[in-house]
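Structure record follows, encoded as structure tokens.
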């Protein structure tokens, strides 16, 4: 057994799979004790939501990358599976740890697990520390003048921006590791799909891990951030960060991202307006976590209870077509196929695709949220439900209920040359720009030259936009008390 001064510090890693700017890791190193770094795959604690398939793939790759980084420093990443309330005390006993450190989580089930575990460990005489590694501002630090939580983004953003953000920490200096207790083999967790192996496109498009996150951030800031203000809505252009899965798994911190973006703006390498627009998107993520903490049922219940009375009328045929990218609306189909092929979808297209399912298809937003949870590599417990509720009109700071995205006009505006559609819906590649977003309006000779046979090589629209819009507005009017909702303009 190690002497009291040699007893190790255990760092319990969760959604913070990095070594730099990791407060729990730095606190453990500052203690002067040798380290044990551990990850627990907890799918057994009460109400903990298991990861979807795409996120499980990412987790496996991220853990492999982190394990390699730790081995290069002389340590071992310990992997254990089970309920954290049992696994962490078992690791403490096996390692004779004197201290346990972790970074905080903000969902109610996770807070319950962490709170109970902290009390038990402290009661056993251990030093326990928890820290903020995931957010620029913790949810309880941003308050309205009345002292409560914000429900609207803009005042939240104004208030939060007034608070100082500390600079990111570097994981410098020497590392000291304790002898690691035995753990699981990562391959035994079977996080990667095999039968069938649907992850080929994920492997081609992503490099999970801290190094991959750093490379993605550098490429975005150096090559793609300039032009972000206008280009971020264009799925055919590269002006998006693609940092969301790296942030989701904590391979890069929001402080690191903020510092890199502001450094580029201060150096004059990117326009200030592009930097600030991107910073506002970072704060939208902050706002989603603010909502998750203060309104923990946001993933299951309508934020606006008036929407509980909405008359959903899900169409199984439409939902199947939506999942497969076969709705007959090319922009939506391109997005859904991008999602299936790469585990990610451009944000503008996410909004249009979600709107089609919810408002054209009268399908409960929770069904779409579940599909995204399973297929997105960046499936996030705060962003995913908050964004679906935003589109539905039931959430905080929601899109107006009468905003029903027209998938044709959205495509013509944001994919004007059809490059995005042609990439992911190749059967339409031969159509001219004038019909790439509405092939059903193309003359017969144009369709023939393009090799498109509607209803065979590509479907006709699964629902008529104008009729579906009027139907949705009528139902929204019943719960909103808006007698003239159907006369409001389309978006």
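Numbering (UniProt numbering), first residue to last: 1 to 491. Virtual Cβ for every residue (Gly too), placed ideally from N, Cα, C.
- Ranked by Cα distance from residue 310, the options 479, 470, 469 and 44 are led by 479.
- Using a Cβ distance threshold of 8 angstroms, residue 364 and residue 312 count as a contacting pair.
- Using a 10 angstroms sphere on the CB of residue 145, the tally of other CB atoms stays under 16, which defines it as exposed.
- DSSP places residue 124 in the coil class of the three-state scheme, outside both helix and strand.
- Per the coordinates, the alpha-carbon of residue 155 lies some 11 angstroms from the alpha-carbon of residue 397.
- Here residue 452 is not near residue 54, since their CB atoms are 8 angstroms or more apart.
- Under the three-pair Cβ rule at 8 angstroms, the stretch 263 to 277 counts as touching the stretch 226 to 241.
- When rounded, the separation of the alpha-carbon atoms in residue 113 and residue 81 is 15 angstroms.
- Just so you know, the alpha carbons of residue 180 and residue 2 end up roughly 13 angstroms apart.
- Residue 116 sits exposed, since fewer than 16 C-beta atoms from the chains shown fall within 10 Å of its C-beta.
- The alpha carbon of residue 445 has as its nearest neighbour, out of 437, 431, 456 and 15, the alpha carbon of 431.
- In this structure the stretch 314 to 333 does not lie against the stretch 164 to 182, because fewer than three pairs of beta carbons, one per stretch, are closer than 8 angstroms.
- Just so you know, the alpha carbons of residue 85 and residue 245 end up roughly 27 angstroms apart.
- DSSP places residue 39 in the uninterrupted beta strand (DSSP E) bounded by 35 to 41.
- If the five residues before and after residue 459 are omitted, its C-beta is found closer than 6 angstroms to the C-beta atoms of 326 and 328, all from its own chain and listed in chain order.
- According to the DSSP secondary-structure assignment, residue 100 is paired through a beta bridge with 10 and 128.
- DSSP lists 37 as the bridge partner or partners of residue 77.
- Contact between residue 465 and residue 407 holds: their C-beta atoms lie close to 7 angstroms from each other, under 8 angstroms.
- Taking the Cβ atoms as the reference, residue 130 lies roughly 5 angstroms from residue 104, within the contact range of under 8 angstroms.
- Put simply, the stretch 206 to 226 does not touch the stretch 88 to 98. Fewer than three CB pairs are less than 8 angstroms apart.
- Nearest to residue 369 by C-alpha distance, out of 162, 379, 305 and 394, is 379.
- In the structure shown, the three-state DSSP call for residue 249 is coil.
- Residue 176 and residue 210 have their C-alpha atoms spaced approximately 20 angstroms apart.
- For residue 228, the three-state secondary structure derived from DSSP is helix.
- Of the candidates 434, 468, 374 and 457, the residue whose Cα lies closest to the Cα of residue 198 is 374.
- Distance from the CA atom of residue 194 to the CA atom of residue 68, rounded to whole angstroms, is 23 angstroms.
- Taking residue 149 as the centre and dropping the five residues before and after it, the same chain places the C-beta of 294 closer than 6 angstroms to its C-beta, in chain order.
- The Cβ atoms of residue 358 and residue 391 sit closer than 8 angstroms to each other.
- Assigned with DSSP and collapsed to three states, residue 186 falls in helix.
- Taken in chain order, the whole alpha helix (DSSP H) runs of length 4 or more contained in the stretch 282 to 334 are 316 to 324.
- Note: residue 177 is bridge-paired with 35 in the DSSP secondary-structure output.
- One alpha carbon belongs to residue 34, the other to residue 24, and they sit about 14 angstroms apart.
- In terms of CA proximity to residue 242, 281 leads the group 281, 266, 259 and 456.
- Take the alpha-carbon of residue 385 and the one of residue 232: they are about 21 angstroms apart.
- Secondary structure of residue 106 (DSSP, three-state): coil.
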